[in-house]
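Its first residue numbered 1385, the sequence shown is counted upward by one per residue in this note's numbering.
Notes follow the structure.
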Amino acid sequence: NLDEALQLHVEAETILRRLTLKHSNNEDYESSLSAVLATLGNVYRDRGEVDTAIVVTREALALRERLMERDPGDIPRRDELVWTRNNLALMHFVRGEYEEALQRFQENLPILRRRAHEDSSNVNALGDLAFALSLLGELLFVLGRVVEADPVLNEALVVTRTMLRRAPESVYAKISFARVASQLAELMAVYGSREHMERFTAEAVPIAKEAYEQAPSHPMAAKVFCRAKLLEAYLALQQGQDDQVSALCRVAAESAEGFHLPSEETDYLEATAERLLLENRLAEAEPLLAELEKRRWVTPFLRKLANSRSAESTRPKNDAVRN
């Protein structure tokens, strides 16, 4: 319950602020306050209050940077710091401030790479690196910088494969891998490489299914499963399997309700627009595409599908050819 979580975090924040002021030399209170602020930022983000989330997360970041300066060798604090930087970049991403998000992800990557290299057995370190690479790749893809997105996502794939090998039962590892494999499948579709798209889709689908079955109430598990089903539907469309397209889209629509949240509104709009286009419901998809255009969130993959459907709708029915 987000309302209850908000109340508890605000109460904890109030208490810790008083203790921090009263005991200004006690770093434990500052550290605890930074932790509460960091998770409070997530609560605000999940409620759709992204502006407030960014303000709170910036304060958490400033506290953690100050604590890190006092003891640069503190590994747990370093881990908390890079996590908070990733989180702030994500919030700028959600708010549509893509250049700011891009800069923050790029600044954090060298630290994340070094940390993953130095502590290669730490799955959390790999997860933080995969998170940043996946979102940076997604951001570049959304901005139409496909050639730049390619190596970033391929690096993310290597990292998530390692995560999955080291923690095969981890739902987070499964989500991370399925997300990146799906991203690469979409990128291959834009390149026109059907063989590679099929390969990445075939890798994404079973892992996404495992993640969703393991954690059906997890929004990210629902999201990667929905995305994988839409990729399957896209491939079925290319093969003229209309009944299969409809069946896969129904499954995708059901799973999409699992991330129909204020913080995931853009992703939900994108998935819905893609599903409607696959179902050849162009008129219903167009308002969603217009809203996504306003948010600068029409990926080259979605644009390719929309252009294909639009071209089909303007041709005589007996001349329409699947694209």
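Backbone N, C-alpha and C fix where the C-beta goes; we use that ideal spot for every residue, glycine too.
Keeping to the same chain, check which residues put their C-beta closer than 6 Å to that of ASP1416; ignore five residues upstream and five downstream.
According to the sequence displayed, residue 1416 carries Ser and not Asp. Answer for SER1416: LEU1400, listed in chain order.
Endpoints, alpha helix (DSSP H) assigned at PHE1515
For PHE1515, the enclosing alpha helix (DSSP H) covers residues 1507-1526.
Given a cut-off of 8 Å on the beta-carbon distance, is the pair CYS1633 and GLU1654 in contact?
Cβ atoms of CYS1633 and GLU1654: not closer than 8 Å.
Cα-Cα, which of ASP1503, GLY1624, THR1656 and VAL1530 is closest to LYS1613?
THR1656
Tell me which residues share the same chain as TYR1575 and place their Cβ nearer than 8 Å to its Cβ, disregarding the 5 neighbours each side in the sequence.
VAL1530
From GLU1411, GLY1511, ALA1533 and LEU1541, residue whose alpha carbon lies closest to that of TYR1556:
GLY1511
Among GLY1432, ARG1431, ALA1514 and THR1650, nearest to ASN1470 - alpha-carbon criterion
ALA1514
Can you tell me which of the three DSSP states GLU1616 falls into?
helix
Is LEU1645 helix, strand or coil when you go by DSSP?
Coil at LEU1645, not helix or strand.
Using the three-state DSSP reduction, which class does PRO1552 fall into: helix, strand or coil?
coil
If you follow the alpha helix (DSSP H) that ASP1463 is part of, which residue opens it and which one closes it?
1459-1478
Proximity of LEU1524 and ALA1533 at Cβ, strictly below 8 Å
yes
Taking buried to mean at least 16 other C-beta atoms within 10 Å of its own C-beta, is LYS1607 buried or exposed?
buried
According to DSSP, simplified to helix, strand and coil, what is ASN1691?
The answer is helix: DSSP assigns ASN1691 an H, G or I state.
Let's test the definition: count the other Cβ atoms within 10 Å of the Cβ of HIS1407 and tell me whether it reaches 16, buried, or not, exposed.
exposed
Which word fits PRO1684, buried or exposed, when buried means at least 16 other C-beta atoms lie within 10 angstroms of its C-beta?
Looking at its Cβ environment, which holds 16 or more other Cβ atoms inside 10 Å, PRO1684 is buried.
In three-state DSSP terms, what is ASN1426?
Reduced to three states, the DSSP call for ASN1426 is helix.
Distance between ALA1569 and ARG1583 (C-alpha atoms, nearest Å)
8 Å
Identify every run of the alpha helix (DSSP H) within the segment 1539-1613, keeping only runs that are complete inside it and at least 4 residues long; order them along the chain.
Complete alpha helix (DSSP H) runs here, min 4: 1555-1575 and 1578-1598.
Which same chain residues, not among the five before or five after PHE1609, have their C-beta less than 6 Å away from its C-beta?
ALA1592, TYR1596 and SER1639
Look up VAL1705 in the DSSP assignment and say whether it is helix, strand or coil.
The predicted model places VAL1705 with a pLDDT of 44, which falls under 50 and marks its position as unreliable, so this point remains unresolved.
To the nearest whole angstrom, what separates the beta carbons of GLY1760 and GLN1567, a pair I think is in contact under 8 Å?
With the chain represented from 1385 up to 1707, any question about residue 1760 goes unanswered, as that position is not in the structure.
Tell me the residue span of the alpha helix (DSSP H) that contains THR1441.
1434-1454
Beta-carbon proximity list for TYR1652, same chain, < 8 Å, skipping 5 on both sides:
ALA1640, PHE1643, HIS1644 and LEU1645
Same chain, Cβ closer than 6 Å to GLN1598, five either side skipped, listed in chain order:
VAL1555
Counted within 10 angstroms of its Cβ, other Cβ atoms place ASN1707 as buried (16 or more) or exposed
Low confidence applies to ASN1707: its pLDDT is 48, below 50, so where it sits in the model is not reliable enough to give any reading.
So which of ARG1448, ILE1438 and VAL1434 has the shortest CA-CA distance to ASP1412?
ARG1448
Given ALA1422, which residues of its chain have a CB within under 6 Å of its CB, disregarding the five upstream and five downstream residues?
ALA1444 and THR1468
C-alpha gap between ARG1693 and GLU1658, whole angstroms:
11 Å
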